[in-house]
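What follows is one structure encoded as structure tokens, with my remarks underneath.
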Amino acid sequence: MVKNKNLVRQAFQLEEDGYFSEASQICQDILVDNPHDGDALHLLGILCNNIGKFRQAVIFFESSLKVIGQKPALLHNYSVALQGLGFLDKASEILRLTISLDSKKTESWLRLGEIEFTRENWSQAKQNFEQVLLLNPNSIDALNFLGITYRRLKSLEKSRFCFQKILNLNEKNPAIQNNLGITETQMNNFSLAKIAFLSAIAIEPQYSDAYYNLGNVYLAELDYKLAGTYYSKSLELQPKNKLVIYNLIICRQKQNLLQDALKLVNELVELSRDTLNDFCRAIVCRANVKRDLGLYNDALLDIKLADSLKKNDPIILSNKALIFHYQGYFFKALEIYKSALKLDPDNRDIRLNIAQTLLLSGNMDEGWSEYEVRLEDPEILAKRCRFPGKPWTGQPINNNRIIVWCEQGLGDMLQFVRYIGPLMDKNAEIILACPERLIRLLSKSSFSINIISDDGPFPNATYNVPLMSLPYLLRSQKIPNHLPYLFAEDGLVKKWKVVLGHLVKPRIGIFWQGNPKQELNYQRSIPSVDLKILIELDGFEFISLQQKSELVDPKRIKTLENITNHKVDSRSAFIDTAAIMLNLDLIISVDTAIAHLAGALGVKTWLLLPSSPDWRWSYKQEHTDWYPNMRLFRQKKAGDWVDVIERVSKSLRQKEFLN
0 MVKNKNLVRQ
10 AFQLEEDGYF
20 SEASQICQDI
30 LVDNPHDGDA
40 LHLLGILCNN
50 IGKFRQAVIF
60 FESSLKVIGQ
70 KPALLHNYSV
80 ALQGLGFLDK
90 ASEILRLTIS
100 LDSKKTESWL
110 RLGEIEFTRE
120 NWSQAKQNFE
130 QVLLLNPNSI
140 DALNFLGITY
150 RRLKSLEKSR
160 FCFQKILNLN
170 EKNPAIQNNL
180 GITETQMNNF
190 SLAKIAFLSA
200 IAIEPQYSDA
210 YYNLGNVYLA
220 ELDYKLAGTY
230 YSKSLELQPK
240 NKLVIYNLII
250 CRQKQNLLQD
260 ALKLVNELVE
270 LSRDTLNDFC
280 RAIVCRANVK
290 RDLGLYNDAL
300 LDIKLADSLK
310 KNDPIILSNK
320 ALIFHYQGYF
330 FKALEIYKSA
340 LKLDPDNRDI
350 RLNIAQTLLL
360 SGNMDEGWSE
370 YEVRLEDPEI
380 LAKRCRFPGK
390 PWTGQPINNN
400 RIIVWCEQGL
410 GDMLQFVRYI
420 GPLMDKNAEI
430 ILACPERLIR
440 LLSKSSFSIN
450 IISDDGPFPN
460 ATYNVPLMSL
470 PYLLRSQKIP
480 NHLPYLFAED
490 GLVKKWKVVL
500 GHLVKPRIGI
510 FWQGNPKQEL
520 NYQRSIPSVD
530 LKILIELDGF
540 EFISLQQKSE
550 LVDPKRIKTL
560 ENITNHKVDS
570 RSAFIDTAAI
580 MLNLDLIISV
590 DTAIAHLAGA
600 LGVKTWLLLP
610 SSPDWRWSYK
620 QEHTDWYPNM
630 RLFRQKKAGD
640 WVDVIERVSK
650 SLRQKEFLN
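Given below as structure tokens:
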């Protein structure tokens, strides 16, 4: 008997030192002499756990329990085998029994927390991990699990604290740096997130997840080029990671590298065939890429396949509607959107798509009404709460004060500020709250109103209203289009006349690339190479209104940097650009705030539009009620800017801008 106990102790030591085969042989020898040796049976169960033979382990543990009874260590190891087999309820029951016998057994509290973590019972998991830390404040496993759990519970400060505590103990832990980076990303601390992920990569250069998560930070910042760089690196290390491929496709779309996106999405489809949801998602993703390429029939075939596999899916239907929207089949698109909305009545994206389709099709009354759904966005709701006064819903204002606030981009503000005029007819004391950098420009408008920064502070007011709700609330039957309603400063107009020099030939301002962070910029911006036909025209002086863009041949086009050392618009947005525009004969621009500025100033403008334009530009018409001074040049085929530039060049040669 004493001999067996010594042999068991020897076997346990061998197991602890990693000599599994030797430990197993000793246990088997013991069981030859005594088939009911509980300690030997226990150790054989542990050895089976070590190599993943959980079914055999359960048999050994249960046999051991019959001999030596409910010992905490034995019960704990039994729970490990049960968990390995997926019997989580039974494993939890055994762990609770273990803890009732030994409440200080930290490994049992930890494993119980892991089981609740697997089940996504975050509150229960948190309690178990916190109990581990009461017993062992520096448990790295508990701190790591608790940090992730806090993140799932949206307790991001506590999550960060857990990871930082581990890093204080060991800053060279790449997995913890990665987890810290994820938490910092969710806190919108993008600079700190980048530091964490780059630290993880410095420690472990082959860390695919860290590259992927770093890509996610740049994607959140809408820097599609850098995001794509890090996704590509992650994909080199994990070529079949579907999440990485999916996000890389998004980047390639936003960079207008659509053929690259199509190649990637074809790979994604093949990798996703084993899972219905993944396969349908990949098929819809491919349909969207084909839609952007103008391959509408092929895109609809993919949607048809996805729809046959997942009937009545609102996301699939919504994407199908969008393809018809792009083709100009608005009635069909609306019909499908409404079917999708019946399946998911609270989906704001679908409702917003319905609004935009209505507006693009010319159904303004219903379109403006539906467009109010944008105000349900949490960010816009939070912004509205900052302003005094109750929401104005169209009732008589009776000389009360109303704050009009700007909720979207600069172009939207320049376009919709015209509705201040009809609002003034309501006998209202109007205060316009806008970004600080726009105050100087908007103060030179045809409306005599007070303009303040939307950073506050704000005066008391009876009402507040978002600027882009005015068309709906005013029930305007006609777009106010008395031009100009914005003006440049006389002193700056004179200054720029001198800077630009004596006018020898028609002077044309061009703007060809919008904000790369704008969602659909890849569709509306023109590659610099496609401008070649235009800027090589003789008899014109071209002035780039672009301040940041790809380089264009400086011999053929003047940049503002080359004309003057003065930094344009350095003091306030657009004040110099507006003055420059009034010294030009024509503005040629893609769909950006620059086009709205030119339109509002009453400067003759040619607007270059993609085949499926933004909702405000109607469909197919050459002119727009928004700006009578504007002519629209539309793509006839998706992505084909060369044809647009050829038509613009022809009209320019014929001096049609003089008409």
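So for the sequence shown, numbering that gives the first Met the number 0 puts the first residue at 0; every next one is plus one. Just so it is clear, CB atoms sit at the ideal spot from N, CA and C, and this is done for glycine as well.
Report yes if the C-beta distance between residue 544 and residue 574 is below 8 angstroms; otherwise report no. No, these two residues do not count as a Cβ contact at 8 angstroms.
Do the region 431 to 439 and the region 605 to 617 make contact, defined as three or more Cβ pairs closer than 8 angstroms? no
Please classify residue 612: is it buried, with 16 or more other beta-carbons within 10 angstroms of its beta-carbon, or exposed? buried
Counting along the chain, where does the alpha helix (DSSP H) carrying residue 589 start and finish? Careful: residue 589 lies outside any alpha helix (DSSP H), inside the beta strand (DSSP E) at 585 to 589.
Tell me the DSSP secondary structure of residue 284 in three-state form. helix
Whole-number beta carbon distance between residue 403 and residue 441, since they are thought to touch under 8 angstroms: Their Cβ separation, rounded to whole angstroms, is 11 angstroms, which puts residue 441 and residue 403 out of contact at 8 angstroms.
Note down the Cα distance separating residue 647 from residue 235, rounded to an integer number of angstroms. 44 angstroms
Starting from the Cα of residue 454, find the closest Cα among 386, 250 and 567 and give me that residue. 386
Does the region 449 to 468 come close enough to the region 499 to 519 that 3 or more CB-CB pairs lie under 8 angstroms? Too few Cβ pairs lie closer than 8 angstroms, so no.
With distances taken from CA atoms, which of 344, 451 and 469 is nearest residue 423? 469
With a threshold of 16 other CB atoms inside 10 Å of the CB of residue 464, please say whether the residue is buried or exposed. buried
Report, in whole angstroms, the separation of the C-beta atoms of residue 57 and residue 80, which I expect to be a contact under 8 angstroms. 5 angstroms
Which residue from 446, 283 and 531 puts its Cα closest to that of residue 304? Residue 283 is the option with its Cα nearest to residue 304.
Assign residue 538 to buried or exposed, taking buried as 16 or more other Cβ atoms, counted over all protein chains shown, within 10 Å of its Cβ. exposed
Ranges of the beta strand (DSSP E) found wholly within the region 303 to 369, counting only runs of at least 3: List check, beta strand (DSSP E) in window: nothing returned.
According to the neighbour-count rule (16 or more other Cβ atoms, all chains shown, within 10 Å of its Cβ), is residue 635 buried or exposed? exposed
Segment limits, alpha helix (DSSP H) that includes residue 432: Note, residue 432: premise wrong, no alpha helix (DSSP H); beta strand (DSSP E) at 428 to 433.
Reducing DSSP to helix, strand and coil, say where residue 501 ends up. coil
Does the beta-carbon of residue 146 have 16 or more other beta-carbons within 10 angstroms, so that it is buried, or is it exposed? buried
Taking residue 173 as part of the beta strand (DSSP E), name the residues at either end of that continuous run. Note, residue 173: premise wrong, no beta strand (DSSP E); alpha helix (DSSP H) at 173 to 185.
Cβ shell of residue 513 (< 8 angstroms), same chain only, five flanking positions each side left out: Take residue 513, set aside five residues on each side of it, and the residues of its chain with a beta-carbon closer than 8 angstroms to its own are 520, 523, 524, 589, 590 and 591, in chain order.
If we require 3 or more residues per run, which beta strand (DSSP E) segments fall completely within the region 367 to 412? 400 to 404
DSSP state of residue 541 mapped onto helix, strand, coil: strand
For residue 301, is the classification buried or exposed, using 16 other Cβ atoms within 10 angstroms of its Cβ as the cut-off for buried? buried
At the level of alpha carbons, what is the spacing between residue 350 and residue 410? Using only the alpha carbons, I get a separation of about 23 angstroms.
For residue 442, name the three-state secondary structure that DSSP assigns. coil
Quick one: is the Cβ of residue 49 within less than 7 angstroms of any heavy atom of the ligand GTP? Of the ligands one can find in the structure shown there are none, so the ligand GTP has no counterpart to examine.
Contact set for residue 320: own chain, Cβ-Cβ below 6 angstroms, skip 5 residues either direction: 332, 335 and 336
Could you give the residue range of the beta strand (DSSP E) that holds residue 604? 604 to 608
Is it true that the region 137 to 144 meets the region 167 to 184, where meeting means three or more beta-carbon pairs spaced less than 8 angstroms apart? yes
Residue 34 by DSSP, collapsed to three states: which one? Collapsing the DSSP output to three states places residue 34 in coil.
Within 10 angstroms of the Cβ of residue 381, are there 16 or more other Cβ atoms? Answer buried if so, exposed if not. The residue in question, residue 381, is exposed, as its Cβ has fewer than 16 Cβ neighbours within 10 Å.
Apart from the five residues just before and just after residue 401, which ones in its own chain have a Cβ nearer than 8 angstroms to its Cβ? 388, 391, 422, 427, 428, 429, 430, 460, 461, 462, 463 and 464
Own chain residues within Cβ distance below 7 angstroms of residue 354, not counting five before or after: 366, 369, 370 and 372
Return the first residue and the last residue of the alpha helix (DSSP H) that residue 149 is part of. 139 to 151
Would you mind giving the Cβ-Cβ distance between residue 534 and residue 583, rounded to the nearest angstrom? I have them listed as a contact below 8 angstroms. About 15 angstroms; that fails the 8 angstroms criterion.
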